[in-house]
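Engineer: Here the sequence shown is numbered in this note's numbering, starting from 133 and rising by one per residue. We treat Cβ as the ideally placed atom computed from N, Cα and C, and that holds for glycine. Right, I'll just put the structure down here and ask away after.
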Amino acid sequence: MLYFTYSQGYQQGAGVIMQVTNPIIDPTTVDNYELGFKYSTEDRRLAFDLVGYDMKAKDLQRTQAIPLPNGTFATIINNIDEMTIKGAELTVNWQPTDELHVYAGGAYTNAEFDDYVTDDPLRFGTELVQLKGNTPQLTPTWKGNVGADYTFALGNGADLTVGGNLFYTDDVYFVPAFTGLGSPW
133 MLYFTYSQGY
143 QQGAGVIMQV
153 TNPIIDPTTV
163 DNYELGFKYS
173 TEDRRLAFDL
183 VGYDMKAKDL
193 QRTQAIPLPN
203 GTFATIINNI
213 DEMTIKGAEL
223 TVNWQPTDEL
233 HVYAGGAYTN
243 AEFDDYVTDD
253 PLRFGTELVQ
263 LKGNTPQLTP
273 TWKGNVGADY
283 TFALGNGADL
293 TVGGNLFYTD
303 DVYFVPAFTG
313 LGSPW
């Protein structure tokens, strides 16, 4: 099966009463284009899915912890002007016997801010920084997994399934301002 989808997402804006700076949060809109391919053999012992996507988010709502002079933190909500997310995912499932199931998957994500001016996280309120080209926090470029399960019939209708999985996740950043510096923080 070959498919193409277009979808648009929307998250309502808000007014944050207790937030002194930027108390009005704009609504978020996301346009998503997706092209995919799904295949399985007639006996369904082999199946794979491949999908590519391209998303554009505008006014993405973001919660940010900011340091206060007394050593505590306050939480504010602001908007990320524009962000583009492109990527692809592949999933493979293979069951060569009734007892053995082997699977693997991988994902590539290229996410970056197109326009995002925000306070410097190390000097909040004193300096603005442009994060254009930086990666959003907690967004690895590469992720993958591979695994297998084997089911043993124990008799009387009982089964025992034993399996193992390996996972890989590329570097992730916890603060988007640091993603352009070359190492996670």
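Would you report the Cα separation of Q143 and V249, rounded to the nearest angstrom?
Structural biologist: The residue labelled residue 143 in the question sits at position 11 within the sequence shown. The residue labelled residue 249 in the question sits at position 117 within the sequence shown. Computed Cα separation, rounded: 21 Å.
Engineer: Assuming D246 and P272 form a contact by the criterion Cβ under 8 Å, report the distance between their Cβ atoms to the nearest whole angstrom.
Structural biologist: To locate residue 246, count along the sequence shown from 1; it is residue 114. To locate residue 272, count along the sequence shown from 1; it is residue 140. No, D246 and P272 are not in contact; Cβ-Cβ is about 20 Å, not under 8 Å.
Engineer: Alpha carbon to alpha carbon, what distance is there between W226 and K170?
Structural biologist: The count along the sequence shown starts at 1 and reaches residue 170 at position 38. The count along the sequence shown starts at 1 and reaches residue 226 at position 94. Approximately 14 Å between the Cα atoms of the pair.
Engineer: Rank L232, V224, L263 and T229 by C-alpha distance to the C-alpha of A243 and give the top, closest one.
Structural biologist: Within the sequence shown, residue 243 is the residue found at index 111, counting from 1. When each option's Cα is compared against that of A243, the closest is L263.
Engineer: Ordered along the chain, which non-local residues of its own chain (more than five positions away) have a Cβ less than 6 Å from that of H233?
Structural biologist: For the purposes of this step, residue 233 is taken as the residue at position 101 of the sequence shown. Q227 and D281.
Engineer: Taking the alpha carbon of L134 as the point to measure from, which residue in E166, L298 and V148 has its own alpha carbon closest?
Structural biologist: Residue 134 sits at position 2 when you count from the first residue of the sequence shown. When each option's Cα is compared against that of L134, the closest is E166.
Engineer: What is the rounded straight-line gap between the Cα of N202 and the Cα of A146?
Structural biologist: Reading the sequence shown from its first residue, position 70 is the one you call residue 202. Reading the sequence shown from its first residue, position 14 is the one you call residue 146. Answer to the nearest angstrom: the Cα atoms are 28 Å apart.
Engineer: Mind checking which residues open and close the beta strand (DSSP E) that includes K170?
Structural biologist: Indexing the sequence shown from 1 puts residue 170 at position 38. Element bounds for K170: T160 to S172.
Engineer: Of all the alpha helix (DSSP H) runs that stay within the bounds of the segment 273-312, which reach a length of 4 or more residues?
Structural biologist: Fully enclosed alpha helix (DSSP H) runs of 4 or longer: not present.
Engineer: Apart from the five residues on each side of it in sequence, which residues of its chain come closer than 6 Å, Cβ to Cβ, to G184?
Structural biologist: Residue 184 sits at position 52 when you count from the first residue of the sequence shown. So the qualifying residues of the chain are L167 and A220.
Engineer: Please confirm if the segment 172-180 is in contact with the segment 209-218, defined as three or more CB-CB distances below 8 Å between the two stretches.
Structural biologist: No, because fewer than three Cβ pairs between the segment 172-180 and the segment 209-218 fall closer than 8 Å, the two stretches do not touch.
Engineer: From which residue to which residue does the beta strand (DSSP E) around D246 run?
Structural biologist: Indexing the sequence shown from 1 puts residue 246 at position 114. Unbroken beta strand (DSSP E) run through D246: L232 to D247.
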